[in-house]
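Using this note's numbering, read the sequence shown as starting at 4 and increasing by one per residue.
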Amino acid sequence: MENMTKTHLQTLEDESIYIIREVAAQFDKPVLLFSGGKDSITLAHLARKAFYPAKIPFTFMHVDTGHNFPETIAFRDQYIQDLGVELIVRYVQDSIDAKKAKEETGKYASRNSLQTVTLLDGIEEFGFDACLGGARRDEEKSRAKERIFSVRDDFGQWDAKKQRPEPFQILNGKINFGENVRAFPISNWTEEDIWTYILQEKLELPNIYFAHDRKLVKRDGSYLAHSPFLNIVDSDEIVFEKVRFRTVGDMTCTAALLSSANTVESVLNENKASKHSERGARIDDQRSESALEQRKKGGYF
4 MENMTKTHLQ TLEDESIYII REVAAQFDKP VLLFSGGKDS ITLAHLARKA FYPAKIPFTF
64 MHVDTGHNFP ETIAFRDQYI QDLGVELIVR YVQDSIDAKK AKEETGKYAS RNSLQTVTLL
124 DGIEEFGFDA CLGGARRDEE KSRAKERIFS VRDDFGQWDA KKQRPEPFQI LNGKINFGEN
184 VRAFPISNWT EEDIWTYILQ EKLELPNIYF AHDRKLVKRD GSYLAHSPFL NIVDSDEIVF
244 EKVRFRTVGD MTCTAALLSS ANTVESVLNE NKASKHSERG ARIDDQRSES ALEQRKKGGY
304 F
């Protein structure tokens, strides 16, 4: 008799597709947040599978800080065109110009936390009642507190103590006027699961995920992509190295890894051997023990 036991990835895929379909069924106007990173690419691929052969019934939205890797933006635009969905882009620079957000200064200045203002304005502008995102519980300890359907109040704020129970995959999407839900279909995936799935499904990724030669700024032991957005200080060192990026954030706060891994298989093996977490390369998360959680409480995704 044929072995009908599901693989680990099949189980994860089925769960994610169920969650995506629940979002479509329970909410009036959902949006899928898309950055062009590996997790949002995986999420978009799962959404495509969830509704195939019909089109994905969600608008996509990207909050563009203006400090993104150009390779990621180019990939984002081509991917969206190939997928055939609508992409809304809202810019942090517009929030700064409107004096709703204040540009940071100094050595570690970043626009990463300023995305919150732009995101909340975008949600209000279009009346989205649910935002699908590619966050995973293994990324960071505050992510592990998040439910699959995470309710945000009418100010966009998150309270870890007011999370709803989700026994037996029962997802409660009931919200009051002004509230919205952040939905996380790949919550139970790990970084290894994502890369294994990318290998299995033969998904395309921005080339910065693979080893390439790059001009860098070596700062406090970390390698940051050289860009006009970095505030260079005397202690910084300009170097050229072969690197890849394990996670894709702003150029100002995402550190590179010295690496020769230039295929999905070699990246997967290198990640398995690493003693460091994926978000260990995010400089903005290292500002304090609870940096990400504090941003999330204010409305950050």
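Glycine is no exception: its CB is placed at the ideal position from the N, C-alpha and C atoms.
Buried versus exposed call for residue i [16 or more other C-beta atoms within 10 Å across all chains shown]
| i | result |
| --- | --- |
| N183 | buried |
| G40 | buried |
| S238 | exposed |
| T14 | exposed |
| I173 | exposed |
| D85 | exposed |
| E5 | Because E5 sits at a pLDDT of 45, beneath the cut-off of 50, its placement in the model cannot be relied upon, and the point is left open. |
| S263 | exposed |
| A77 | exposed |
| T10 | exposed |
| S19 | buried |
| Q309 | No answer is possible for residue 309: the residues shown for the chain start at 4 and end at 304. |
| S116 | buried |
| E143 | buried |
| S291 | Because the pLDDT of S291 is 49, which lies under 50, any placement of that residue in the model is unreliable, and the number read from its coordinates should be weighed accordingly. The residue is exposed, with fewer than 16 neighbouring Cβ atoms inside 10 Å. |
| L219 | buried |
CB of residue i within 9 Å of CB of residue j, strictly
| i | j | result |
| --- | --- | --- |
| G136 | A186 | yes |
| A259 | R222 | no |
| F30 | I91 | no |
| Y310 | R247 | Residue coverage of the chain in this structure runs from 4 to 304, which leaves residue 310 outside it and unanswerable. |
| W192 | N274 | no |
| V95 | R79 | no |
DSSP beta-bridge partners of residue i
| i | result |
| --- | --- |
| S153 | R185 |
| H65 | V92 |
| E240 | K221 |
| P33 | A133 |
Top-ranked residue by Cα proximity to residue i, from the options
| i | options | result |
| --- | --- | --- |
| F131 | K110, G159 and K144 | G159 |
| P170 | F180, F152 and D157 | F152 |
| E194 | H279, A53 and L174 | H279 |
| K100 | W161, T68, A27 and T14 | Per the sequence shown, residue 100 should be read as Asp rather than Lys. Selected option, being the one with the closest Cα: T68. |
| E204 | G109, R247, L46 and F180 | L46 |
| I241 | T250, G252, S98 and G224 | G224 |
| Y111 | V236, D196, I76 and S38 | V236 |
| E16 | M64, A50 and K58 | A50 |
| L122 | S230, L35, P231 and V220 | L35 |
| P231 | E281, T75, G176 and H70 | H70 |
| I23 | D42, F37 and A53 | A53 |
| E281 | S113, Y94, E89 and D141 | D141 |
| P209 | N234, G252 and I178 | G252 |
| M254 | V270, I178 and A228 | A228 |
| E106 | D157, N234 and S277 | N234 |
8 Å contact criterion, which residue i and residue j should meet: CB distance rounded
| i | j | result |
| --- | --- | --- |
| R139 | R146 | 7 Å |
| P60 | A27 | 6 Å |
| V88 | K103 | With 8 Å as the limit, V88 and K103 do not qualify as a contact, their Cβ atoms being about 28 Å apart. |
9 Å Cβ cutoff, residue i in contact with chain B
| i | result |
| --- | --- |
| S113 | Here there is only one protein chain, and chain B is not present. |
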